[in-house]
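Novice:
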Ligand code: ARG
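Numbering (the numbering used here), first residue to last: 714 to 1102.
#1: Mind checking whether the beta-carbon of residue 723 lies closer than 7 Å to any heavy atom of ligand 1?
#2: Could you give the first and the last residue of the continuous alpha helix (DSSP H) run that contains residue 763?
#3: Just to check, is the beta-carbon of residue 890 closer than 7 Å to a non-hydrogen atom of ligand 1?
#4: Using the Cβ count rule (16 or more neighbours within 10 Å means buried), how would you classify residue 986?
#5: Applying the 10 Å Cβ sphere with the 16-neighbour rule, what's the burial state of residue 798?
#6: Report whether the distance from the Cβ of residue 829 to the nearest heavy atom of ligand 2 is below 7 Å.
#7: Flag residue 780 as yes if its beta-carbon sits less than 8 Å from any beta-carbon of chain B, otherwise no.
#8: Tell me which same chain residues have a C-beta within less than 6 Å of the C-beta of residue 1021, skipping the five on either side of it?
#9: Between the beta-carbon of residue 998 and the beta-carbon of residue 954, is there less than 8 Å?
#10: By the three-class DSSP mapping on this structure, what secondary structure does residue 744 have?
#11: Please look up how many angstroms separate the CB atoms of residue 766 and residue 731, rounded, as I've assumed it's under 8 Å.
#12: Only counting runs of 3 or more residues, tell me where the beta strand (DSSP E) segments fall wholly within the segment 847 to 919, in order along the chain.
#13: Does DSSP put residue 1057 in a helix, a strand or coil?
#14: Verify whether the separation of the beta carbon atoms of residue 826 and residue 720 is less than 8 Å.
#15: Evaluate residue 888 with the Cβ neighbour count: other Cβ atoms within 10 Å of its Cβ, from every protein chain shown; 16 or more gives buried, anything less gives exposed.
#16: On the DSSP letters alone, give me the boundaries of the alpha helix (DSSP H) that residue 933 sits inside.
#17: If you reduce the DSSP assignment to three classes, tell me which class residue 804 lands in.
#18: For residue 979, verify whether its CB is less than 7 Å away from any heavy atom of ligand 1.
#19: For ligand 1, is there any heavy atom lying closer than 7 Å to the beta carbon of residue 1029?
#20: Nearest-angstrom Cα distance between residue 838 and residue 1027?
#21: Counting only the same chain and skipping the five closest in sequence on each side, list residues whose C-beta sits under 7 Å from that of residue 775.
#22: Consider the C-beta atom of residue 896 and the heavy atoms of ligand 1; say whether any pair is separated by less than 7 Å.
#23: Looking at the unbroken beta strand (DSSP E) that takes in residue 984, where does it start and where does it end?
#24: Flag this pair as touching only if the segment 978 to 985 and the segment 958 to 967 have three or more C-beta atom pairs under 8 Å; answer yes or no.
#25: Report yes or no: do the segment 1047 to 1057 and the segment 917 to 927 share at least 3 C-beta pairs separated by less than 8 Å?
#26: Within 10 Å of its beta-carbon, does residue 755 have 16 or more other beta-carbons around it, so buried, or fewer, so exposed?
#27: Mark residue 745 as exposed unless 16 or more other C-beta atoms lie within 10 angstroms of its C-beta, in which case mark it buried.
#28: Helix, strand or coil: how does DSSP classify residue 719 here?
Structure representation (structure tokens):
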């Protein structure tokens, strides 16, 4: 029998996909990647078995997610179309790469995912698989199967005694991991409708936000956040703590219409408190320690990097080359940033670094001034020379 490793989320689609693949002659290994979505529960594992999975494999990928994906993206300053901090997009190449590893370990000849044919995630999964092992067959049941609605899927699940939890189903499509939550569908499909409060998963609504301002200090070493409020919590705790703190203030909510790779515009809301605060703090520290030319050049790299991530092009020569460039820029990005948390937003209120390029004696308007203002005239005359009338 042919063996397939299915990226299994525990939800309706992938539960039904197990049975569907079985009916097409595959032995199914259900693979669950834990990137912090809190769904790799005993119930989900039992559901996979009931649906007909020969085996369930759970991989805790959280640490790798942070070290190999989130920190490089943070150092690069990657944000898609100015707002999306890429939680979903960054998780896909890791989940798919580990899926290939599971396929090898299980001696499977195929991999499958539960993405639809309209989104970016199918691209990210399949490009990764092809880049790592193009001999694997790729199956996308949701793109192919006969069910025209959720109701038909539910009927199919009932018929095959797949235990599903229909009562709790929210009208939204939600993807979650430690770097953020992505929410679409339901009422959000009208881009002119304000996101209903119940579409938000983490962050508090305006009425419940912490009214008391708070300043936190984040310490970076070579571009990586290592310290928070005087402690050294380790990457997962640090992100968890910032998500919790930021959520109290409603920080990191984004409501945007974005351009999908497949050409569709879609409306999505995001919540990414930790990502928002860290990207803001990191960028601020860079403004203190990087010279103007490097800083400006790097802004272009940030955009390119975000596109590569969004487009599913993680395992490509350009992304690894950019990582090496970015790494070289982070040598001096060490120091502390103080961020004020307040209702709706966070704000950097102070920064310091042993590598600071800020010179008070040059910037000051006080008696400490060491800048020879007379030199400015010659500089400006030469600067203007090509344009002189
Ligand atoms: N639009 C985002 C992306 O392509 C998130 C996709 C998943 N979103 C969801 N709500 N299931 O990266």
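Here a beta-carbon is modelled for each residue, glycine too, at the ideal position from N, C-alpha and C. Computed from a predicted model, the values in this text were never measured in an experiment.
Specialist: From the atom records:
#1: no
#2: 755 to 764
#3: no
#4: buried
#5: buried
#6: As presented, the structure is devoid of ligand 2, carrying ligand 1 as its sole ligands.
#7: No chain B appears in the structure shown, which is made up of a single protein chain.
#8: 1032
#9: no
#10: strand
#11: 5 Å
#12: 850 to 852, 886 to 890 and 893 to 897
#13: coil
#14: yes
#15: buried
#16: Not the alpha helix (DSSP H): residue 933 falls in the beta strand (DSSP E), residues 927 to 934.
#17: helix
#18: yes
#19: no
#20: 10 Å
#21: 747, 748, 749, 891 and 949
#22: yes
#23: 978 to 984
#24: yes
#25: yes
#26: exposed
#27: buried
#28: strand
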